[in-house]
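Q: Here you go, one structure.
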Amino acid sequence: MLSSLYFASSNQNKFEEAKSILSEFGISLKFFKCSLEEIQADTLEEIAQYKANLAYRLCSKPVIVEDAGLFITALKGFPGPYSSFVFDTIGNKGILKMLSKQRRALFQSVIAYCERKQDVMLFEASVQGKISKKLQGKRWGYDPIFIPEGQTVTYSQLKNKNKVSHRYLALRKFANWYLHKQISSGR
Ligand code: ITT
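First residue of the sequence shown? That's 156 in the working numbering, and the numbers climb one at a time after it.
What follows is the structure, encoded as structure tokens:
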């Protein structure tokens, strides 16, 4: 393992996935469990940037946070930046009730890294897909209703979610940058 850093989140599932993904790049991740205030903003980037500054103030160590969101085309991108709130209120069943024929959606992840006050690096990625007609599989969050493009099953039913997900793609960008930075600074 080359180096270690913290992942600040209230969500253990996100941490477990991020840890497993980054371990493939030789990066060890520690959990800084905390509840980070989510500001209301139009983009995940703004929310992730805010959460990263907050997390750094709390843990004073190099830290990453993630803001993820499900953008449903027929709902004009809703829930998007409100994905946590919507999941905790109407949940997957509520979303399924709102949709008819048009089921296109996009899952986006923004990883924000902070190792110095007010200095945040952002890494974004997304996966196109669609919303299933009913709940398929268990797992967590929106996994039972999101079918990534090119697949016939939901994230819940995919064996290799961590090799194709929005989180994987954003963390891969982060890992390439982070490892390069470690090498150039001789750590
Ligand atoms: P923190 O902000 O504390 O990290 P959170 O659960 O609020 O945790 P997000 O704002 O990033 O995390 O996620 C928005 C919502 O999307 C939330 O309800 C998550 O459970 C859900 N979500 C995020 N990534 C997901 C994934 O890979 N599969 C299923 N649901 C996901």
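Glycine included, each C-beta is placed from N, C-alpha and C at the ideal position.
Considering Cα atoms alone, identify which of A267, N317, I245 and E172 is closest to L199.
A: Answer by Cα proximity: A267.
Q: Suppose the cutoff is 6 Å on Cβ atoms and the five residues either side in sequence are ignored; what does the same chain contact list for E270 look like?
A: Closer than 6 Å at Cβ, skipping near neighbours: P217.
Q: Following the continuous alpha helix (DSSP H) through R212, name the residue where it begins and the one where it ends.
A: From DSSP, the alpha helix (DSSP H) with R212 extends over L199 to C214.
Q: Around the C-beta of V265, are 16 or more other C-beta atoms found within 10 angstroms, so that it is buried, or is it exposed?
A: Answer is buried; the Cβ neighbour count reaches 16.
Q: Cα separation between M156 and G296?
A: With a pLDDT of only 47 at M156, under 50, the local geometry of the prediction cannot be trusted, and the value read off the model is given with reservation. Taking the straight line joining both Cα atoms gives about 30 Å.
Q: Using the rule of at least 16 other Cβ atoms within 10 Å of the residue's Cβ for burial, across every protein chain shown, is E179 buried or exposed?
A: Exposed, by the Cβ-count rule.
Q: Less than 7 Å between the CB of L191 and some heavy atom of ligand 1, yes or no?
A: Yes, Cβ of L191 sits closer than 7 Å to a heavy atom of ligand 1.
Q: Determine the extent of the beta strand (DSSP E) in which V265 is found, giving its start and end residues.
A: V265 -> beta strand (DSSP E) spans R259 to R271.
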